[in-house]
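Chains as they are written, first to last, in my numbering: chain A, 287 to 630; chain B, 397 to 649.
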């Protein structure tokens, strides 16, 4: 039923998403929708480990940031295409996640969360205050810009309009959801849910929690890194505050929690609900009330935790289950009527 | 070594040699030695605080022994983690059954099956066999959180069986069960033994342990005070003293 829900909701959403650039011509609106998809992608990447293991990481933005820096530096310093740079950045983020995860996954609850915040903040502050590291120009808080190649270039990951960027992030979102679906059905998925349910019980059934949590974290860091690299290419600019600040980590976590942790579609639903609210507030009264969108996010989180602790995906699931049951009983009744009709 | 000793050595599946555990000022288990023969059901008895669960946890790898060693089929379990011990062929159940929430009964059992295969299809087929063995086929697709307390115990047994153990450690399997449920569990434990699985069972309910065990050992204050057939052991003065106090034993004398 869980996969039925994904198909019933995800299928039409995908068709709609594919068609959007055909009738949305305003580049600001298209960019805003691409940003919804970007946050859905980032939240889905966060969910890959945190949603399934049940640990709250608020340091995931570090993976996005380092991968973004690797991509931009490889392009600006060595001329490596950002497509390869993205993969290298993602791999670097995955490598970085292993020692971090090894130290933090032994901790539970708030200790884990605090350690992830500390890790990301240390890295951000170090980057903000480092202009040059072993000859690599990091340019501190100023950040790095991606020099324009002039016009559209697929290899340089630079396009004139917003449409290519839109389809790239859409493809990435479909990819991360497919990866999550595959993981759910695999041994890794079962093990992560077991660790979330009862760590001691899982250990007694042959599950090494550190090994499997680390595997999922490395994949999650890789995926988050790809997202961070995309973000840097989209804006052709990267700096520590914007690309690896705690705000990004909080967004990923809140969108997933509100949408539904440990589900394929939940993070996307959370992003679809929250990002437009944040964007509208910022665009209308954001100038006079800075940070209002975060207050609204907080309110949504409180409401979700009180009324839908497993995410807004749950009432949707119930609604669809109810419809499926009604439809099944209608079909059964029609069949009985038909049989009775034959009998007469 | 005599020929008889050699034969009994071969039959030993678990050999516990002088294990101890101290928590601060409390000596929970003190140089405990016992063994389990292949195919046997061994009952581990003792009043509250006797050190049963501590000994149990040391065998399962959840606690490390301060002294001595534990051999499973001749191999030392020293420094092995619970998941390594499970892979070797020792499974356990817990006093408090906590199913993995958000997973169905079948999916819970699949977590156990995955220790022997990485293929989802194979794990599902193996888990289905276990669910049928437990006579829970009708509840295979029920969310494990919605099970009754007794069904949760059965599920826990199923998860352990899915790891295909040669030795099963069971911790108070009938705690809180109705007489009918306790009877059903006894029937199940016998069925498990008939599969060729050796069982070490910690239990408080005397009726259950007497009916099930081939042999019982009794702990008191972390020390082994009796080892033998159930009917003989429960008549021993040390055992009566541990359970009912010295006055009771004196009054009977």
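Ideal Cβ placement from N, Cα and C applies to all residues, glycine included.
Inset, instruction - Could you tell me whether the Cβ atoms of residue 564(A) and residue 580(A) are closer together than 9 Å? - result: Contact: yes.
Inset, instruction - May I ask which residues mark the beginning and end of the alpha helix (DSSP H) holding residue 340(A)? - result: Run containing residue 340(A): none; DSSP gives neither H nor E here.
Legend entry - Identity of the residue in 562(B), 603(B) and 524(B) nearest residue 581(B) by Cα: It is 603(B).
Legend entry - Where residue 272(A) sits in the DSSP three-state scheme: One cannot answer for residue 272(A) here, as it falls past the ends of chain A, which runs 287 to 630.
Legend entry - Three-way DSSP call (helix, strand, coil) for residue 423(B) in this model: Residue 423(B) falls in the strand class under three-state DSSP.
Inset, instruction - Go ahead and pull the three-state DSSP assignment for residue 399(B). - result: Any answer about residue 399(B) is weak, because its pLDDT of 49 lies below 50 and its placement is not dependable; what the coordinates show is given next. Helix at residue 399(B).
Legend entry - Residues that residue 559(B) contacts on chain A, provided the C-beta gap is smaller than 8 Å: 491 and 492, listed in chain order.
Inset, instruction - Ignoring anything shorter than 4 residues or poking outside the segment 497-581 of chain B, list the alpha helix (DSSP H) runs there in chain order. - result: Every unbroken stretch of the alpha helix (DSSP H) spanning 4 or more residues and falling wholly within the segment 497-581 of chain B is given here in chain order: 501-509, 516-529 and 545-557.
Legend entry - Among 590(B), 619(B), 601(B) and 623(B), the one whose alpha carbon lies nearest that of residue 611(B): Looking at the Cα atoms, 623(B) is the closest of the given residues.
Legend entry - Cβ of residue 394(A) within 9 Å of any chain B Cβ: Under the 9 Å criterion on CB atoms, residue 394(A) is classed as non-interfacial with respect to chain B.
Inset, instruction - Would you mind telling me which residues of chain B sit closer than 9 Å to residue 477(A), beta carbon to beta carbon, in chain order? - result: Residue 477(A) reaches chain B at 507 and 510, counting residues in chain order whose Cβ is nearer than 9 Å.
Inset, instruction - Measure the alpha-carbon distance for residue 296(A) versus residue 540(B) and round it to whole angstroms. - result: Straight-line spacing of the CA atoms in residue 296(A) and residue 540(B) works out to 27 Å.
Inset, instruction - Starting from the C-beta of residue 547(A), find all residues in its chain whose C-beta is less than 6 Å away, skip the five residues before and the five after it, and write them out in chain order. - result: Residues of the same chain with a CB within less than 6 Å of the CB of residue 547(A), apart from the 5 flanking positions on each side, are 337 in chain order.
Inset, instruction - Could you tell me the distance, in whole angstroms, from the CA atom of residue 482(B) to the CA atom of residue 558(A)? - result: Their Cα atoms are separated by approximately 44 Å.
Inset, instruction - In angstroms with no decimal places, state the Cα-to-Cα distance between residue 620(B) and residue 344(A). - result: When rounded, the distance between both Cα atoms is 50 Å.
Inset, instruction - Mark residue 363(A) as exposed unless 16 or more other C-beta atoms lie within 10 angstroms of its C-beta, in which case mark it buried. - result: Flag for residue 363(A) reads exposed.
Legend entry - Cβ contact check for the segment 581-598 of chain B and the segment 436-445 of chain B: 3 or more pairs under 8 Å: The segment 581-598 of chain B makes contact with the segment 436-445 of chain B, as at least three CB pairs between them are under 8 Å.
Inset, instruction - Following the continuous beta strand (DSSP E) through residue 616(B), name the residue where it begins and the one where it ends. - result: Residue 616(B) -> beta strand (DSSP E) spans 611-616.
Legend entry - residue 252(A): contacting residues in chain B (beta-carbon distance under 7 Å): Lying outside 287 to 630, the shown extent of chain A, residue 252(A) is not represented and no answer is given.
Inset, instruction - Please find out if some non-hydrogen atom of the ligand ADP comes closer than 8 Å to the beta-carbon of residue 474(A). - result: No copy of the ligand ADP appears in this structure; indeed no ligand is present at all.
Legend entry - Interface flag, residue 488(A) vs chain D, CB-CB below 9 Å: In the displayed structure, chain D is absent; the protein chains listed are A and B.
Legend entry - Host beta strand (DSSP E) of residue 598(B) (start-end): Unbroken beta strand (DSSP E) run through residue 598(B): 594-598.
Legend entry - Contacting positions in the segment 442-461 of chain B - beta carbon closer than 8 Å to chain A: Residues 456 and 458.
Legend entry - Top-ranked residue by Cα proximity to residue 329(A), from 459(A), 575(A) and 529(A): Ranked by how close their Cα comes to the Cα of residue 329(A), the residues 459(A), 575(A) and 529(A) have 459(A) in first place.
Inset, instruction - Starting from residue 513(A), find everything on chain B with Cβ-Cβ shorter than 8 Å and list it in chain order. - result: Near residue 513(A) there are no residues of chain B at all, since even the closest Cβ is about 26 Å away, more than 8 Å.
Legend entry - residue 380(A) and residue 514(A) closer than 9 Å at C-beta: Taking 9 Å as the Cβ cut-off, residue 380(A) and residue 514(A) do not qualify as a contacting pair.
Legend entry - Residue-level contact to chain B via CB, residue 383(A), 9 Å cutoff: By this cut-off, residue 383(A) is not an interface position.
Legend entry - Residue range of the unbroken beta strand (DSSP E) whose run includes residue 622(B): It spans 619-624 - the beta strand (DSSP E) in which residue 622(B) sits, taken as one unbroken run.
Inset, instruction - Step through the CB atoms of chain B and report whether any lies within less than 9 Å of the CB of residue 518(A). - result: No, its Cβ sits nowhere closer than 9 Å to a Cβ of chain B.
Inset, instruction - Quick one: which residues of the segment 460-477 of chain B get their C-beta closer than 9 Å to a C-beta of chain A? List them in chain order. - result: Answer in chain order: 477.
Legend entry - Contact the segment 489-499 of chain A vs the segment 477-492 of chain B: 3+ CB pairs below 8 Å: Touching, yes.
Inset, instruction - Please list the partners that residue 514(B) has in chain A, where partner means a Cβ-to-Cβ separation under 9 Å. - result: What residue 514(B) touches in chain A: 472 and 473.
Inset, instruction - Answer yes or no: do residue 538(A) and residue 331(A) have a C-beta to C-beta separation smaller than 9 Å? - result: A contact, by the Cβ cut-off of 9 Å.
Inset, instruction - In angstroms with no decimal places, state the Cα-to-Cα distance between residue 449(B) and residue 455(B). - result: Distance between residue 449(B) and residue 455(B), taken at the CA atoms: about 10 Å.
Legend entry - Cβ contact (3+ pairs, closer than 8 Å) linking the segment 518-528 of chain B and the segment 506-513 of chain A: Between the segment 518-528 of chain B and the segment 506-513 of chain A, the count of C-beta pairs closer than 8 Å stays below three; the two stretches do not touch.
Inset, instruction - Give a yes or no on whether the minimum CB-CB distance between residue 597(A) and chain B is below 9 Å. - result: Not flagged as an interface residue toward chain B: residue 597(A), since no C-beta distance is shorter than 9 Å.
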